[in-house]
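Offset between the sequence shown (1-based) and this note's numbering: plus 881.
Each residue gets a CB set at the ideal place from its N, CA and C atoms; glycine is no exception.
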Amino acid sequence: MVRVRFWGTRGSLATPGPTTLRYGGNTSCVEVRTADGTLIVLDCGTGAHRLGQALLASAGPPVRGHLLITHTHWDHIQGFPFFAPLFIPGSQWDLYAPGGRGHHLEATLAGQMEYTYFPVTLEQLGAAIRFHDLIEGELSISRTQIVTHYMNHPALTLGYRLESDGVVIVYALDHEPHGRAQPGKGDVGPPAAGVPTMHREEQRHIEFLAGADLVIHDAQYTVDEYPKKIGWGHTPAEWAVDYALAAEAKRLALFHHDPLRDDDALDRLVDLCRQRVVSAGGRLEVFAAAEGQVLELEGQGGRAAPRHRQVKAEVTDGVPAVAPTVLVADDDPTVVQLLVESLQPDGLHLLTAADGETALRIARSERPVLMLLDSHIPGLEGVDIVRSLRGDSDPYFWSVPVVLMTAKAGPENTAAGFAAGVTDYLPKPFAPALVRARVRAWLLRGDASTGRRM
Ligand SMILES: [Zn+2]
Ligand SMILES: [Zn+2]
């Protein structure tokens, strides 16, 4: 039996007060206790404060635990300096978060605890802390097998799939559906029941959730609110239902509640989502995660693991010695400028082209580690550039990530491109922070698939 307790369910900002009493106002923090007693904490938002107090009160110090952080936006780490077990000598904590290519969790958390922000530094914490930087892949903690998967968010973010004693729990937060352009542009239809789209990344996301006993999913918006929030990195609750239905999950906990959604509005959202399950003929159990709520899950066993590369999730990458070369090709100079400005802070060597022939020539001569190409660039269509590269005699071009940028990222427009070897589609218009995080994910996946290490 695996025990799950929600200590913080709110997204973005803690919202205490009379209108959030039932579902809670603290930000993301979930306690998972496996059958062998291993303590795994998912995220360290403000909910971690009371979890820390409870751990000290129930078991007493020292406390041994593992903290899996999805990403280091404030709402997921704000409870970290207030998590009491970290102050106790003799306690031991393993901390995990997305990293690689010179990004280290330890440095980020130390930054949060600099003198300007907090009176105790990271080094002054009493517990023994080990830091683990993760990419997409697999790791294990005691008898729990964990698969990590990149979410679509304006910061590099990992979702976690935990399998322990036959119980599967997926924690998929701070995720925006892939391939959705702005409604009204002609490529986003009304949300259909079942699979939202067959964009390849959507398919991977569904595989990540497949067959779970419990999916804890980002459900910050509603479908009605979403058009004004595209690029903010969150999922409408109705589409979280579609994901869970397509994944044939058993239970869905709506999570990362919007700070403006009070208890009554969450009740209405749950009703709406349950109706959606009924109209789809599904048996999915849907609820909105509430602070203090406890679930006890029994193992089913016999489920197929998601199709995932056999890659070790933990990395020890340093900063690349040579700036990685990335090609950006678009005939719209404002798009090129936006991408250059968004990506330059990550220390990339950026090459640009305004037409297809030039892009292909630069690709062959400079061998960039990633290419972002406008799908309708003058001269050669983006997909033709991809076909040409995938057919090259040099094996380097068979797998190097090539991403097409398009205002039409609906499945009817992307299927042929994926078949031709397009790595991914980036819907236009894009938010600079979102594309920056996607680029990090593509580079890290590229490193993993080619065995390249910085
Ligand atoms: Zn968040
Ligand atoms: Zn976030």
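Check whether the Cβ atoms of residue i and residue j lie closer than 8 Å to each other.
i       : j       : result
Thr1206 : Leu1232 : yes
Asp1055 : His1138 : no
Val922  : Gly946  : yes
Trp888  : Val913  : no
Leu1020 : Glu1195 : yes
Asp917  : Arg1042 : no
Asp956  : Gly933  : no
Phe963  : Glu987  : no
Ala1130 : Val1167 : no
Pro1133 : His1098 : Pro is not the amino acid found at residue 1133; the sequence shown has Leu there. Contact: yes.
Leu1208 : Pro1313 : no
Arg982  : Leu1325 : yes
Leu976  : Leu936  : no
Asp1094 : Val1151 : no
Glu1017 : Ala1329 : yes
Leu990  : Pro1140 : no
Arg1035 : Gly1114 : Residue 1035 is actually Pro in this sequence, not Arg. It is a contact, given that the beta carbons lie within the stated cut-off.
Glu1004 : Gln1026 : no
Ser1274 : Thr1331 : no
Val1250 : Gly1327 : yes
Quick one: what's got a C-beta closer than 6 Å to residue i's C-beta in the same chain, skipping five residues either side?
i       : result
Ala1009 : Gln973
Ser1256 : Gly1263, Leu1285 and Thr1287
Thr1038 : Thr951, His952, Met1032 and Asp1055
Arg1321 : Leu1037
Pro897  : Gly906
Gly1007 : Phe968, Ile969 and Pro970
Thr908  : Gly889, Arg891, Ala895, Gly926, Thr927 and Asp956
Val1175 : Arg886
Phe961  : Cys925
Can you have a look at residue i and say buried or exposed, based on whether 16 or more other CB atoms are within 10 angstroms of its CB?
i       : result
Val1316 : buried
Trp1323 : buried
Tyr1277 : exposed
Val885  : buried
Met882  : exposed
Gln959  : buried
Gly992  : exposed
Thr1078 : Model confidence at Thr1078 stands at a pLDDT of 45, short of 50, so the residue's coordinates are unreliable and nothing is read from them.
Thr890  : buried
Arg1149 : exposed
Asp1105 : exposed
Asp1213 : exposed
Pro1310 : exposed
Phe999  : exposed
Glu1247 : exposed
Thr1116 : buried
Ala1073 : Model confidence at Ala1073 stands at a pLDDT of 47, short of 50, so the residue's coordinates are unreliable; what they give is reported in the following sentence. Exposed, by the Cβ-count rule.
Thr1103 : buried
Glu1082 : buried
Pro1058 : buried
Excluding the 5 residues preceding and the 5 following residue i in the sequence, name in chain order all residues of the same chain whose CB lies nearer than 7 Å to its CB.
i       : result
Val1283 : Met1252, Leu1254, Val1267, Leu1270, Val1303 and Thr1304
Leu1261 : Gly1237, Glu1238 and Leu1241
Thr901  : Asp1143 and Asp1144
Ala1171 : Phe887, Thr890, Arg903, Tyr904 and Gly905
Ile1243 : Leu1208, Leu1232 and Ala1234
Keeping to the same chain, check which residues put their C-beta closer than 8 Å to that of residue i; ignore five residues upstream and five downstream.
i       : result
Gly1075 : The predicted model places Gly1075 with a pLDDT of 42, which falls under 50 and marks its position as unreliable; any figure quoted below should be read in that light. The residues are Asp1123, Leu1126, Ala1127 and Ala1161.
Ala1204 : Gly1228, Leu1229 and His1230
His985  : Phe1012 and Asp1014
Leu920  : Glu912, Val913, Arg914, Leu936, Val944, Arg945, Gly946 and His947
Val1192 : Ile1016, Glu1017, Gly1018, Glu1019 and Ala1329
- Around ligand 1, what residues have a beta-carbon under 6 Å from a heavy atom of it, in chain order? Residues flagged by the Cβ proximity filter: Gly892, Ser893, His954, Asp956, His957, Asp1055 and His1137.
- Item | Cβ contact check for the segment 1112-1120 and the segment 1082-1097: 3 or more pairs under 8 Å | The segment 1112-1120, when compared against the segment 1082-1097, does not touch it at the 8 Å Cβ threshold.
- Is it true that the segment 964-971 meets the segment 935-945, where meeting means three or more beta-carbon pairs spaced less than 8 Å apart? Short answer: they touch.
- Message: Does the structure place the segment 1160-1170 close enough to the segment 1125-1145 that three or more beta carbon pairs sit under 8 Å?
- Response: In short, these stretches touch, since the Cβ pair count reaches three.
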